[in-house]
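Asks: Provided herewith is a single structure, encoded as structure tokens, for subsequent inquiry.
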Amino acid sequence: MKRKTLALACLAWCLGGTVFAETKPNVLFIAIDDLNDWIGCMGGHPQTQTPNLDRVAAQGVLFTSAHCAAPACNPSRCALMNGIRPFTSGVYLNPQPWRPVLPDAVTLPQHFMAGGYDVRGGGKIFHGRYEDIASWHEWFDSGPTPPLPQAERNNPHSRAGGIVWGNLHDTPDSEMLDYRMASWAVEYLQKEHEKPFFLAVGFKRPHMPWQAPGKYYDKFPVEDIVLPNVPDDDLDDLPAAGVRMARPEGDHAKVLATDNWKYAVQGYLATINFLDGQLGRVLDALEKSPDRDKTIICLWSDHGWHLGEKKHWRKFALWEEATKAPLMWVVPGLTKPGTVCETPVDFMNIYPTLADLCGLPVDDQLEGVSLRPLLADVKADWDLPAITTHGRGNHAVRKDNWRYIRYADGGEELYDRNSDANEWTNLAADSKFQTVKRQLAAHLPAPTDEAPDAPRDPNVKRGKQKQKQATRKKKSQ
74 MKRKTLALAC LAWCLGGTVF AETKPNVLFI AIDDLNDWIG CMGGHPQTQT PNLDRVAAQG
134 VLFTSAHCAA PACNPSRCAL MNGIRPFTSG VYLNPQPWRP VLPDAVTLPQ HFMAGGYDVR
194 GGGKIFHGRY EDIASWHEWF DSGPTPPLPQ AERNNPHSRA GGIVWGNLHD TPDSEMLDYR
254 MASWAVEYLQ KEHEKPFFLA VGFKRPHMPW QAPGKYYDKF PVEDIVLPNV PDDDLDDLPA
314 AGVRMARPEG DHAKVLATDN WKYAVQGYLA TINFLDGQLG RVLDALEKSP DRDKTIICLW
374 SDHGWHLGEK KHWRKFALWE EATKAPLMWV VPGLTKPGTV CETPVDFMNI YPTLADLCGL
434 PVDDQLEGVS LRPLLADVKA DWDLPAITTH GRGNHAVRKD NWRYIRYADG GEELYDRNSD
494 ANEWTNLAAD SKFQTVKRQL AAHLPAPTDE APDAPRDPNV KRGKQKQKQA TRKKKSQ
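First residue of the sequence shown? That's 74 in the working numbering, and the numbers climb one at a time after it.
If you want it as structure tokens, here you go:
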């Protein structure tokens, strides 16, 4: 499969070249952390307010079925930024440093550096603990989140176990890390540029803690919050591995026990709305810039997020809520404003697409292909699946109307999303669908072909004790 996809990518580059006739285009590369489909234009939640995310979608192509390579920050970003899948690199989980196992990998920004671009980045692009400073001409650290007021820390409606949020009340926007991130990007976009630029803007919200100034919380009165629809028997037809992945006795049980479901949803919606405002500041700066019509916008989130669906919270799962995330492209001269692509794709295609559109070679390390055909025509033929991996041996395939999940122990799930958009009915054991299941499973690696787990970071506990100990030791020196 890899040989086929690389051949297609190279063909696309040879036939297409850069989409700009005379000069290389700029790239505004916008990464958002932990954002699912709770965006107005994606319809994930009826109360969300995201005018600026909707604004990007209205300017170009919105992919409504785009999927991460892994539903966790580090492996997702490692795969996207290096063009190498988790089951090739062995980077499956968060506490696995990626550079030691990919010492020769050319990251996406490094590829643009070699192509003559001025490459700047800030915020969260790679997983923060494993930021690759060598990938940038300049790197901007957007800093910490302001502390939660004491009253909120004592508020029983500001956390449920490890799910944490909080109303920052009168804290000004300017004290928020994503405000600083946007300000840095705005300043750069206001400058004159002698070379084409690759500007990576990494927003850290709506990653937990879901903290935002009070005016954003006020837009979503908790008594009016609409909760996800979760049937009581939703896990009854799952294999044992699926139930373990859902962990209903974990976060979901704590949210219910503390009567905090509506408060948690309020926090997520408020944080999304705050993030959307900071995105708007960056978009305004680009629109006022002479570079507006020669700048590609690529906007993505590293994975989705569950807020109780499948009795699960966070990412760390292989259902739609965890694997699907926003993907938007604005390519002057190629994309048509306000178009929607429903074809399932995955984020392995971002690296080769940007290289293709900017006239850079497509390296043979890449395991994705250029999305140029779909950017030009959202109905174009596309026969490649979207594949997501969570831990060695656990995979999901999205193709056409199907989701197929295979766990390391052989457990399976199959959903027909045309008739079951919520993935409530597992068809894996139904004899009528065995051919479909085999066809989807053929896209997955054989267990013997999967890379072993990359070494774990010794400073990351199976918890955070070692990290705390290291911090105390450093402070005492």
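No residue lacks a Cβ here, since even glycine has one placed at the ideal position from N, Cα and C.
Please give the ranges of any alpha helix (DSSP H) in the segment 402-476, keeping only runs that are unbroken, at least 4 residues long and fully inside the region.
Replies: Taken in chain order, the complete alpha helix (DSSP H) segments of 4 or more residues contained in the segment 402-476 are 423-430, 445-449.
Asks: Determine, using beta-carbon pairs with one atom in the segment 394-413 and one in the segment 127-143, whether at least three such pairs fall under 8 Å.
Replies: yes
Asks: Return the bridge partner residues of Lys397 from the DSSP annotation.
Replies: Locating residue 397 in the sequence shown gives position 324, where the first residue counts as 1. Per DSSP, His140.
Asks: Is Val316 helix, strand or coil when you go by DSSP?
Replies: As a working note, residue 316 is residue 243 in the sequence shown. Val316: helix per DSSP, three-state reduction.
Asks: For the alpha helix (DSSP H) that contains Ser256, what are its first and last residues?
Replies: On the sequence shown, position 183 is the one that residue 256 refers to. Residues 250-262.
Asks: Measure the alpha-carbon distance for Ala524 versus Cys431 and round it to whole angstroms.
Replies: In the sequence shown, residue 524 corresponds to position 451, counting from 1. In the sequence shown, residue 431 corresponds to position 358, counting from 1. Ala524 and Cys431: Cα-Cα distance of roughly 32 Å.
Asks: Taking only three categories from DSSP, how would you classify Gly201?
Replies: Reading the sequence shown from its first residue, position 128 is the one you call residue 201. Gly201 carries a helical assignment under DSSP once its states are collapsed to helix, strand and coil.
Asks: Count the other C-beta atoms from every protein chain shown that fall within 10 angstroms of the C-beta of Thr521, then say buried if there are 16 or more, exposed otherwise.
Replies: Within the sequence shown, residue 521 is the residue found at index 448, counting from 1. Classification for Thr521: exposed.
Asks: Expressed to the nearest angstrom, what Euclidean distance is found between the alpha-carbon atoms of Val533 and Gln169?
Replies: For the purposes of this step, residue 533 is taken as residue 460 along the sequence shown, with counting starting at 1. For the purposes of this step, residue 169 is taken as residue 96 along the sequence shown, with counting starting at 1. Straight-line Cα distance between these residues: approximately 9 Å.
Asks: To the nearest angstrom, how far is the alpha carbon of Leu372 from that of Ile105?
Replies: Walking along the sequence shown from the start, residue 372 turns up at place 299. Walking along the sequence shown from the start, residue 105 turns up at place 32. Leu372 and Ile105: Cα-Cα distance of roughly 8 Å.
Asks: By the DSSP assignment, the alpha helix (DSSP H) with Cys151 in it spans what residues?
Replies: As a first step, residue 151 is located in the sequence shown; it is residue number 78 there, counting from the start. Secondary structure note for Cys151: its alpha helix (DSSP H) is the uninterrupted segment 146-155.
Asks: What residue from Leu126, Thr408, Thr461 has the CA that sits closest to Pro417's CA?
Replies: Residue numbering aside, residue 417 sits at position 344 when the sequence shown is read from its first letter. Pro417 has its Cα closest to that of Thr461, out of Leu126, Thr408, Thr461.
Asks: Tell me, please, whether the segment 284-295 touches the segment 239-255 by the rule of three or more beta-carbon pairs shorter than 8 Å.
Replies: yes
Asks: Specify whether the segment 201-213 and the segment 111-125 touch according to this definition: at least 3 beta carbon pairs, one from each stretch, less than 8 Å apart.
Replies: no
Asks: Out of Tyr165, Gly340, Phe185, which has the shortest C-alpha to C-alpha gap to Ile236?
Replies: Position 163 of the sequence shown holds residue 236. The residue with the shortest Cα to Cα distance from Ile236 is Gly340.
Asks: Go ahead and pull the three-state DSSP assignment for Val295.
Replies: Reading the sequence shown from its first residue, position 222 is the one you call residue 295. DSSP places Val295 in helix when its eight states are reduced to three.
Asks: Count the other CB atoms, across all protein chains shown, that sit within 10 Å of the CB of Gly315; report buried if there are 16 or more and exposed otherwise.
Replies: Numbered from 1 along the sequence shown, position 242 holds the residue referred to as residue 315. It is buried - the Cβ of Gly315 has at least 16 other Cβ atoms within 10 Å.
Asks: Applying the 10 Å Cβ sphere with the 16-neighbour rule, what's the burial state of Lys472?
Replies: Here residue 472 refers to the residue found at position 399 of the sequence shown. Its Cβ being crowded by 16 or more others within 10 Å, Lys472 is buried.
Asks: Could you check the C-alpha separation between Phe213 and Tyr290 for me, to the nearest Å?
Replies: Here residue 213 is taken as the residue at index 140 of the sequence shown, counted from 1. Here residue 290 is taken as the residue at index 217 of the sequence shown, counted from 1. Near 28 Å, if we compare the C-alpha coordinates of Tyr290 and Phe213.
Asks: I need the straight-line Cα distance from Thr331 to Ala130, nearest angstrom please.
Replies: As a working note, residue 331 is residue 258 in the sequence shown. As a working note, residue 130 is residue 57 in the sequence shown. Distance between the alpha carbons of Thr331 and Ala130: 37 Å.
Asks: Would you kindly work out how many angstroms separate the C-alpha atoms of Ala494 and His118, rounded to a whole number?
Replies: Here the question's residue 494 lines up with position 421 in the sequence shown. Here the question's residue 118 lines up with position 45 in the sequence shown. About 14 Å.
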